[in-house]
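Written out below as structure tokens is the structure these notes cover.
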Amino acid sequence: MALKIRLARGGTKKRPYYRIVIADARAPRDGRFLEKVGSYNPLLPKDSPERVTLDTDRVQHWLSHGAQPTDRVLRFLDAAGLAKREARNNPKKALPGKKAQERLDAKRQAEEEAAAAAAEAAAAPAEEGGEEAAAS
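For the sequence shown, the working numbering assigns the number -2 to the initial residue and increments by one for each residue that follows.
Here's what the structure looks like:
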């Protein structure tokens, strides 16, 4: 049985409250769980000690039995010193998608062609004027 340490949402609409639970990975998010090991109230200030509460002994017990925390819970465990969370780096996150990049390339190419055509048009009358002056 694959165990997860994850959040189960409670509270009302627009007033979230989460329980930190040990659950089978196949169980629904707010459904059946094995044990409640803490809570998370995102409405409290970040420096409030009641924002995240954990039963550290039980969390360590379940971690030793192979329970895998979700990303958000791993942040809480890292802050509590129970688990190590590696910093993530996604340098491609800010890049636009493939179609948007294609549109940008097409626009850039059209601008370059327009600039080249304008430069040729500007150079052509200057050459004609120079030929007339040389002929006179």
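Note that the Cβ used here is the ideal one computed from N, Cα and C, for glycine as well.
Backbone secondary structure at residue 122 - three-state DSSP
In this structure, residue 122 counts as helix in the three-state DSSP scheme.
Legend entry - For residue 18, the residue or residues it bridges with in DSSP: 3 and 33
How close, in whole Å, do the beta carbons of residue 17 and residue 36 come, if the pair is a contact with beta carbons under 8 angstroms? 6 angstroms
Quick check on residue 51: buried or exposed, where buried means 16 or more other Cβ atoms within 10 Å of its Cβ?
buried
> If you pair each beta-carbon of the stretch 60 to 79 with each one of the stretch 0 to 15, do three or more pairs fall below 8 angstroms?
Replying inline: Three or more pairs of CB atoms, one per stretch, sit closer than 8 angstroms, so the stretch 60 to 79 contacts the stretch 0 to 15.
Measuring CA to CA, which of 57, 13 and 7 is closest to residue 28? 7
- Task: Give me the Cα-Cα distance between residue 12 and residue 98, rounded to the nearest whole angstrom.
- Result: 39 angstroms
Measuring only the C-alpha atoms, how far is residue 103 from residue 116? 20 angstroms
Item to complete: Pick helix, strand or coil for residue 72, following the three-state DSSP scheme.
Response: helix
Assign residue 85 to one of three DSSP states: helix, strand, or coil.
coil
query: Tell me which same chain residues have a C-beta within less than 6 angstroms of the C-beta of residue 22, skipping the five on either side of it?
result: -1 and 1
*Compute the distance between the beta-carbons of residue 79 and residue 56, then report whether it is under 7 angstroms.*
yes
As assigned by DSSP and simplified to three states, the class of residue 101
Correct three-state label for residue 101: helix.
* Can you name the start and end residues of the alpha helix (DSSP H) that residue 53 belongs to? -> 53 to 61
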